[in-house]
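Structure record follows, encoded as structure tokens.
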Amino acid sequence: MKSIVITGASGYLGQELLKKLSDVYEDYEIFALFSNNPINQFKDNIIPIKVNLSKANEYHKLPLKFDKLIHLAGDKRTFLSGEQGIKQFEYNLNLTKLMVKYLKNSNCNSIVFASSVYIYSGTSNIPFDEDNITMPNDYLGLSKLASELFLKSHTLKGNLKTICLRIFTTYGSQLNNKQFVSNSIHRLRSNSRKETFFNPHIHRDFIHINDVAMAFVKSLNFLNKKDETYFNSINVATGKSTTIKDLIMELVDFIDTNKEVEFANGSHYINDTDHFAKIKKMSSIFNWSPKIKLSHGLGELLKSNG
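Note that my numbering has the sequence shown beginning at 1458, numbered continuously upward.
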């Protein structure tokens, strides 16, 4: 039986991707790797494995015969600085190195890597183009760039097929309150009299979690058709920008709150800058683009959360 290994399977994206993969690849075994939070869904073709991927001596728990690897695991916090940022960089890059070593010991030669929009945190040219990138200012972005380059070097000198998906601002059901959209909804529904939102004119490219999951499916399908060594980095975004203020005001209309909402210029974070993408590469390679419009996605999110 064919199989897929997915790291970080109990995370926000991991849980959504498990649902999608278990349906699309129903004749595959899906090895769902997690470290702390258990896997919430147990379809017949999902096999949970608890493992600490930062420790090389735990890799004996993992299968060596599988067909595809999806690497989601890592420290995804943004705007870290100093020692915390350095530790994040070292941790994420170490995971990628251990993943490549694991691949070399297995019979798998295909990997889809979850990169991040913060890889563009030092890039001033907007919309972001995959082939025009400046050294990231944010440690998360720096760790993702280093990981992409490490994967690229081993792909080109080995026999790997690799796609790095640079994921933009994701929202959707089950999103925790640390994420911007869900945090904004939580604040607008709270009992406070007034809420203040910063950087109202900052642009974001908001993409629904279902579309992000589909980009991974498209990547796997694409790699299935490639016989030779392959590497590419691809933006996963809508190609449309929305300001923070416009998003908040749309949420206010949906929620129909009487709360006083105000906006203040400036941010607590130096690297809090405009994000939106060119998606020409994604559209041409996959012959696909995201389907869920922001207004529809927000409406569904609010319904699902009561």
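No residue lacks a Cβ here, since even glycine has one placed at the ideal position from N, Cα and C. These numbers come from a predicted model, not from an experiment.
CA-to-CA, the gap between K1554 and A1734 works out to about 28 Å. Annotation for S1479: the continuous alpha helix (DSSP H) segment containing it runs 1469-1481. With respect to the 8 Å criterion, F1607 and L1550 are classified as neighbours on the basis of their beta carbons. Nearest to K1507 by alpha-carbon distance, out of T1535, S1538, G1465, is G1465. Between Y1559 and the set I1749, D1703, K1512, the nearest pair of CA atoms involves K1512. Counting only unbroken stretches of 3 or more residues, the beta strand (DSSP E) elements lying wholly within the region 1663-1717 are 1663-1665, 1687-1693, in sequence order. In this structure N1494 touches S1467 by the C-beta definition: roughly 4 Å separates them, less than 8 Å.
Burial is judged here by how many other beta carbons sit within 10 angstroms of a residue's own beta carbon; D1484 has fewer than 16 and is exposed.
The C-alpha of N1692 lies about 7 Å from the C-alpha of E1587. Going by beta carbons, T1626 and F1570 fall outside the 8 Å limit. Within the DSSP bridge table, the entry for T1653 names E1719 as partners. CA-to-CA, the gap between L1526 and L1617 works out to about 11 Å. For H1517, the secondary structure class from DSSP, reduced to helix, strand or coil, is helix. In this structure, the alpha-carbon of L1475 lies about 35 Å from that of N1582.
When the Cα atoms are used, S1647 and G1539 turn out to be separated by approximately 34 Å. In this structure the region 1700-1715 does not lie against the region 1670-1686, because fewer than three pairs of beta carbons, one per stretch, are closer than 8 Å. If you draw a 10 Å sphere on the C-beta of L1529, you find 16 or more other C-beta atoms in it, and that means buried.
Under the three-state reduction of DSSP, L1537 is assigned to coil, being neither helix nor strand.
Look at L1510 here: in three-state DSSP terms it is coil, with no helix or strand label. About 5 Å separates the Cβ atoms of S1567 and L1680, confirming a contact at the 8 Å cut-off. Cβ-Cβ distances below 7 Å link C1565 to F1523, D1524, K1525, L1526 in the same chain, with the five nearest sequence neighbours on each side left out; the list follows chain order. For I1527, no alpha helix (DSSP H) run applies; the uninterrupted beta strand (DSSP E) run containing it begins and ends at 1525-1528, by DSSP.
Taking 8 Å as the cut-off, the Cβ atoms of H1643 and T1700 do not count as close.
Between N1667 and G1723, the C-beta gap is not smaller than 8 Å, which leaves the two residues out of contact.
Put simply, of L1599, K1561, S1572 the residue whose alpha carbon is nearest the alpha carbon of G1579 is L1599. Nearest Cα to P1747 within the set D1731, K1697, T1730: K1697.
Cα atoms of V1638 and L1645: separation of roughly 11 Å, rounded to the nearest angstrom. Cβ-Cβ separation between Q1545 and L1597: approximately 7 Å, consistent with a contact (criterion under 8 Å).
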